[in-house]
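Numbering (our numbering), first residue to last: 796 to 1002. Before any comments, here is the structure.
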């Protein structure tokens, strides 16, 4: 994780700076400890796992190296994957349509954003005057459990297949912050892209 998230990213930032090229680094929302949520760009990161630490280390170095840099901290994003690992929402939908139970965390909160809105926002930032750190998340805080119930509601699926669990029951390989919800008001004030709420966006993305 450190090789890609930190060392390679910092090297690319240095190359961009040497050539006066604008540089956008995609960080993460999990850089906070998750004790309170609704984090703004002014809040101090406090990573609780190695992955998050690599992102923070890269952020710091990139901002030192490259003047024309943007650090994007995206919230949990969802949508359809062209290839590779499917999104959290895709996995839930696949299992629910198949009539399989889905175990979903009731104590992890995020500000979900569709991959389409995320991509449009980053595209805007590529040609924007803004430099520094910016949060890109949806307008609401939802637990993964609430996201699962909304999926069932929108697509008329059986919500009895949604099984709530707590993070401590899952024996996760690494600690995860409980509440990584983001305050994305800065992005809302700067960008033209209208980041939609989870329910509205789902109906567009998966139909």
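For each residue, glycine too, the CB sits at the ideal point set by N, CA and C.
- Residue burial is scored here from C-beta neighbours: residue 964 has fewer than 16 other C-beta atoms within 10 angstroms and is therefore classed as exposed.
- Around the beta carbon of residue 935, a 10 Å sphere encloses fewer than 16 other beta carbons of the protein chains shown; the residue is thus reported as exposed.
- Note on geometry: alpha-carbon atoms of residue 826 and residue 932 lie some 14 Å from one another.
- In this structure, the straight-line span from the alpha carbon of residue 898 to that of residue 952 is close to 15 Å.
- Taking a C-beta distance under 8 Å as the contact criterion, residue 979 and residue 930 qualify as a contact pair.
- Judged by beta-carbon spacing, residue 1000 lies within the 8 Å limit of residue 909, meaning their Cβ atoms are closer than that value.
- Judged by their CB atoms, residue 818 and residue 864 are nearer to each other than the 8 Å cut-off.
- Comparing alpha-carbon positions, the option among 883, 998 and 976 lying closest to residue 870 turns out to be 976.
- No residue range can be given for residue 827, since it is assigned to no alpha helix (DSSP H) and is classified by DSSP as neither H nor E.
- Three or more beta-carbon pairs separated by less than 8 Å link the region 986 to 994 to the region 938 to 950, which places the two stretches in contact.
- In the three-state scheme derived from DSSP, where H, G and I count as helix and E and B as strand, residue 864 is classed as strand.
- When DSSP reads this structure, residue 927 sits in a beta bridge with 865.
- Collapsing the DSSP output to three states places residue 960 in a strand.
- Contact between the region 849 to 869 and the region 805 to 823 is established, with three or more Cβ pairs separated by less than 8 Å.
- Residue burial annotation: residue 813 is exposed, with fewer than 16 other C-beta atoms found within 10 angstroms of its C-beta.
- Inclusion of residue 844 and residue 828 in the CB contact set at 8 Å is not warranted, their separation being larger than that value.
- If you ignore the 5 residues before and after residue 939, its C-beta comes within less than 6 Å of the C-beta of 899, 900 and 903, all in its own chain and listed in chain order.
- Beta-bridge partners assigned by DSSP to residue 905: 937.
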